[in-house]
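S.K.: Each number in our numbering comes from the position in the sequence shown (counting from 1) with 627 added on. The beta-carbon is built from N, C-alpha and C at its ideal position, and this holds for glycine as well. To start, I am sharing the structure in question, which I have written as structure tokens.
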Amino acid sequence: AEKGSVAYFMNEKKIEKIEAQPFKVDSKNKIGCGDIFGATFFYHFLQTNDLQISIQQANKAGAIAASIQNLSTLKRLPL
């Protein structure tokens, strides 16, 4: 979102967090951005097993989605 993202995870017995900085975009539509964020995060995590890469890519996808007025016209996010 506008403030970036935070993910918390367990590292052995300690709770840790990673953060991703926000992408500055001209927000036109926020509908579905959370769904796109979640799908992108899980896709990249399954591919890389890297939380930092996953949250950064999810943030980027959410920002791109927010900058598009009508997502139904989009066939693929330009990541």
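In chain order, which alpha helix (DSSP H) runs of at least 4 residues are fully inside the stretch 629-697?
M.R.: With a minimum length of 4 residues, the continuous alpha helix (DSSP H) runs that stay inside the stretch 629-697 are 660-675 and 678-693.
S.K.: On the premise that A693 lies in contact with N656, defined as a C-beta separation below 8 Å, what is that separation, rounded to the nearest angstrom?
M.R.: Contact holds; Cβ gap of about 6 Å.
S.K.: With burial defined as no fewer than 16 other Cβ atoms inside 10 Å of the residue's Cβ, what is the status of S681: buried or exposed?
M.R.: Buried, because 16 or more other Cβ atoms sit within 10 Å of the Cβ of S681.
S.K.: Tell me whether F669 is buried or exposed, calling it buried when 16 or more other Cβ atoms sit within 10 Å of its Cβ.
M.R.: Classification for F669: exposed.
S.K.: Check whether the Cβ atoms of A647 and F664 sit closer than 8 Å, and answer yes or no.
M.R.: Contact flag unset, no.
S.K.: Do you know how far the Cα of V633 is from the Cα of P649?
M.R.: Rounded to the nearest angstrom, the two C-alpha atoms are 11 Å apart.
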